[in-house]
Amino acid sequence: MAESTGSETTSATGGEDGALEAKVLEEWLDAAYNCFSSGHKFCREVCPVMQVTRDERHTPTAFHANVVAMDKGLLSIEDVAEDYVHCTMCGACELRCPNTLFAGDFYRFRQRTISVVKAMRALAVEKGIHQKNWKRWAELTNRWGNEPVLGWATETGASKVRAWAVGLDIPTGGETVLFADCEAAFNRPSVPRAVALLLQAGGIEFGLMSQQWCCGGPMWETGYVDIAHTMAEHNLLDWRKTGTKRIICPDPHDYITIIEHYPELDEGFDEFEIVLALDLIAELIRDGKIELTTPIERTVTYHDPCRLNKRMGVWQAPREILRAIPGLTFVDVDHVTQWSYCSGAGSNLFVEKPELTAEISRRRLSKVAELGGGVDTLVSACPWSERPLTEAGKAAGIEVFDIFELVAEAAGFEV
Amino acid sequence: MAIATLDAAVVDELIAICGEEHVFTGRSALFNRARVPAPFPAHRWAEHIPQAVVLPTSAEQISEVVKLANRRGIPVVPRAGATGLTDGAVPLRHGILVDVKLMNRILEIDHEDRTVTVQPGINMLKLNEELRPHGYIYPDDPASYPCSLVGGRIGTNGWSLIGGRYGHTRDLVISFEIVLPTGEIIQVGDGGGRKTRKSSSGYQLKHLFMGHQGTLGIVTEATLELVPRPEAEFSAFFAYPSYLDGWKATGDFARSGLATLAGVVLFDEQKVRYLRRDDEAYIPQPDWVQTVVAVAMYGQGDEVRAGARQLMRISRANGSHYLGDEISQGDWAARHDRYATPQHGRTRNGQVALMSWHCEDAAIPYSKLPEVRERWHRIVDGLRERFDAFDDWGMFAYTNGAYKPWGDYLTEIDIGIWESKWDDEMWATWVDAKREIARVAIEAGGSISACHGSCREGEVDLVPMELGGGFEVMKKIKRVLDPDNIMNPGKYLLDQAYEIDADMTSREEE
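Residue numbers (the numbering used here), protein chains in the order written: chain A, 1 to 415; chain B, 1001 to 1510.
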């Protein structure tokens, strides 16, 4: 049956008997009950996974109800661990939750489904319940320092993480560094190259880390918290070693991981400024420091990456940038409509359920095709999303670009 | 907690019918399909779980599952969105739960005859996203608009917030295909034509197979009305110093005869007080505002503009105070989200307690609204005195007629329940209160339920009283269509339909 899954159980690692489980339940029971008792389910049709699987186990409602059921002794983490794989952490459910929308400010409450999913995945790992491919991904990340984005057999790692920068004459360290995420650094080097060229053109001085490891985000997202800490602590140390104060992130996943998780680990985190490359480059274009003069004759629409749009409310800057590119015809789909869109790549869903990611991306591209109007290109601003979107784009006859690739081209660079 | 497992051979047969990937027996699959929104006796959760879940993809699969259930004597429980407020989708007797969510395709948009044919698992908001480029809407607009599904709307005989102009679910569903409790697949509508809106041919079976809470079959396809997307919307909120002032104004608006008037909503004094518990709703309103009325009009620009002018003239004549464009447009736009909020729950001494929302939803004649309101609030006061775990969240009254918003009103009282306090005594007290609330509705010449259905504990006891001889007919129909009581047993007192058999058998034995 369908629920016989890739979960595998090994002997529990760490944690005293049930201590973490008790902590998770204590921390999340009220919030879970807040969802359980209202039962609005407004989150459901906006959820990219639910839109495909139509399975109530994969709903934010279930993710909260399970906590209530575990507290009552009706379900155990063994029963539900695999259900929690079905989430891209896109954040649509949180935006759509009436509990948050209409009483959040007053009660200082937000339904935090993503945090619940993270907590339950971490609990599963602590109990020795692993998803086979996530475990492998975590082990290789831990071994190499960077994620195995090139496949299980092709080593990544800090010795190669700067390969994309060959010929760009970027120093090591310095007050500002560019933090290129694993996926782009190894799989889509045109993105960090484009960002680097644009920053140089805009007069921003920056370096690269002496040894950049994975930001740790996917480790937090899939429950391998210890490895996440190892990655983050290494990066923090590296920044301090080179006197770095400002970190520019082209990848929304890196950005949100660093601003959400690093402060938990580091009391002195306030000394760092974390900058989203998209904001910075929009500003450089606005201020005339980057001139876009090469026309790009494409009809594009924009994919709002979930972590930008749904999790951080960043949707204006990319539109401003696209409208500044000469020759470009921009057919926009508003960012609220896009609450229910996703690439399916988030939180390593593609590692464990590649067919689900592919279907979510296929549907995203079908939305592009429905636009008509000669749209030939989908632009995203998230390298992780671009992997499945590009694949789906091939089938749909739509080219997929990263926004920085187009901006660099418009600024006269070849990436 | 042990779950009585189905015979492995039955599970094998389900897999043979629906495919391995669409049959589930794992604990989380079962526990997460036991519930509908509140109130739910959470302390009795384990009593209400199915033994297997199937997600079929065709009418034929559902038919085969139902036939299998008949052969084996296993209950079948249909489940669409599971957003209902009675317990239609709750498996009271365990069995096989047929979840139709995977059947969510649009099968045909007919531009000439203005219909859309869909599978039962599609949601109205999603459907309207697809209809938008064509210039249509499907105007079935319940509070659960973003999450309920067409199949469940038919099973509950739903009500729409804008039904005063566009009609309710029964008016908007032209015909449908249904798997009967014995597995046959039939088409019901007005007469035989799938797209015929009005027929005098034969019995009018469409109504029979709507609102039965899954006791008479499982809808597998439906042909729905398409309406031109309205050019204009006019919404207005008015304030009053007392409930009776608001009630009178509601009647004025609803009886105005303005064809674009889609709905009138009356918020009573307790409801306004409840909304003042958060910082965004009515706190900016001065203290004299005790009651609020909302109206909404839809249609072509020319007709809505003219209608709105007339409506504003009526409002000036009857002493309504317009609350301004921001509330009028903003609160109306947010109508689906302004459901109810667990954190608004308050104990008697005003402490916040996370409470679930429960709504009793009678249909009440306009003339009886003030009387029913007083009696219902007294019932809830009584509950609150007995257990400091109930809270009165006020009342709404919504126009309830189709195409003509006067006459009777969907009248709801919202009650906060601190569910984590549930025990058998509190539950029994609650059930008694529900029965009394239902009795008041019947005594006022109304109906126990305008839109949720009336098959939960408490209220269901009075269904025979409300329907009179009609309930006897219901039982006969149930027995004929579902001879072995397979289809969603335990609902609507319909087990009584089979007690005749038991009586007969015992007499024969004597």
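All residues carry an ideal CB built from backbone N, CA and C; glycine is no exception.
Out of the options, which one is the CA nearest neighbour of residue i?
i       : options                               : result
L1205/B : R1194/B, G1189/B and T1220/B          : G1189/B
V1053/B : K1404/B, A1080/B, E1459/B and A1497/B : A1080/B
K1478/B : V1011/B, G1469/B, R1035/B and Q1496/B : Q1496/B
G1299/B : P1228/B, G1095/B and L1244/B          : P1228/B
I1049/B : D1484/B, V1098/B, G1193/B and Q1343/B : V1098/B
T1553/B : D1423/B, K1271/B, R1386/B and F1471/B : Any question about residue 1553/B goes unanswered here, given that chain B covers just 1001 to 1510.
For the beta strand (DSSP E) containing residue i, name the first residue and the last one.
i       : result
A1444/B : Taken as a continuous stretch (DSSP letters only), A1444/B belongs to no beta strand (DSSP E), as it is neither H nor E.
A1232/B : A1232 to Y1240
A1397/B : F1390 to T1399
C249/A  : R246 to C249
Y262/A  : Unbroken run through Y262/A is the alpha helix (DSSP H), P252 to L265; no beta strand (DSSP E).
E273/A  : E273 to L276
L1261/B : L1261 to F1267
V177/A  : T176 to L178
L1224/B : I1218 to E1225
T299/A  : T299 to Y302
R1079/B : V1076 to R1079
S1175/B : V1173 to V1179
Give the interface partners of residue i over in chain A, defined as CB-CB distance under 8 Å, in chain order.
i       : result
L1102/B : R54
L1055/B : R54 and D55
G1121/B : R54
D1391/B : Simply none; closest approach about 12 Å.
For residue i, return the contacting residues in chain B, with the cut-off set at a CB-CB distance below 9 Å.
i     : result
G39/A : R1035, V1036, P1037, A1038, F1040, A1082, T1083, S1356 and W1357
With residue i and residue j assumed to form a contact (beta carbons below 8 Å), what rounded beta-carbon distance in angstroms separates them?
i       : j       : result
A158/A  : W213/A  : 6 Å
L284/A  : G202/A  : 4 Å
I1106/B : V1118/B : 5 Å
I274/A  : C249/A  : 6 Å
A430/A  : D251/A  : The shown model of chain A, from 1 to 415, leaves out residue 430/A, and the question about it has no answer.
L1266/B : G1307/B : Actually they do not touch by this definition, with Cβ atoms about 20 Å apart.
C93/A   : P60/A   : 4 Å
V1065/B : I1096/B : 6 Å
R193/A  : V415/A  : 5 Å
V407/A  : V375/A  : Rounded, the Cβ-Cβ distance is 19 Å, inconsistent with contact.
Taking its Cβ as the centre, do 16 or more other Cβ atoms sit within 10 Å of residue i, making it buried, or is it exposed?
i       : result
T1005/B : exposed
L365/A  : buried
L480/A  : Nothing about residue 480/A can be read from this structure; chain A reaches only from 1 to 415.
Y255/A  : buried
T13/A   : Low local confidence applies: a pLDDT of 47 at T13/A is under 50, so the model's placement there is unreliable, with the coordinate-based value given in what follows. It is exposed - the Cβ of T13/A has fewer than 16 other Cβ atoms within 10 Å.
M1001/B : Residue placement at M1001/B cannot be trusted, given a pLDDT of 49 that sits under 50; what the coordinates show is reported in the next sentence. It counts as exposed.
S1367/B : exposed
S4/A    : Bear in mind that a pLDDT of 43 at S4/A, under 50, signals an unreliable position, so the model cannot answer this.
M1465/B : exposed
P263/A  : exposed
V336/A  : exposed
I1186/B : exposed
D1087/B : buried
A1317/B : exposed
G1158/B : buried
Along chain A, which residues have their Cβ under 9 Å away from the Cβ of residue i?
i       : result
E1419/B : Y33, F36 and S37
W1427/B : Ordered by position in chain A, no residue passes the 9 Å Cβ test against W1427/B, which lies about 15 Å from the chain.
L1068/B : Result: empty, since nearest Cβ-Cβ is about 17 Å, beyond 9 Å.
C1147/B : H40, K41, F42, C43, R44 and E45
So with CB distances below 7 Å, who are the chain B contacts of residue i?
i      : result
V80/A  : S1028
F330/A : Chain B residues near F330/A: none, gap ~19 Å exceeds 7 Å.
D83/A  : S1028
Y341/A : Neighbours of Y341/A on chain B: none; closest Cβ ~11 Å, over 7 Å.
If you follow the alpha helix (DSSP H) that residue i is part of, which residue opens it and which one closes it?
i       : result
I1351/B : Looking at the sequence itself, residue 1351/B is Gln, so the reference to Ile does not match. No alpha helix (DSSP H) holds Q1351/B; DSSP gives it neither H nor E.
F36/A   : A19 to S38
E405/A  : I403 to A410
I227/A  : V225 to K241
M70/A   : P60 to D71
E352/A  : L349 to E352
Against residue i, what residues of chain B qualify as contacts under a CB-to-CB distance less than 8 Å, listed in chain order?
i      : result
D304/A : Ordered by position in chain B, no residue passes the 8 Å Cβ test against D304/A, which lies about 16 Å from the chain.
D30/A  : L1354
Mind pulling the chain A residues with CB within less than 7 Å of residue i?
i       : result
F1238/B : Those within 7 Å of F1238/B in chain A number zero; the least Cβ separation is about 22 Å.
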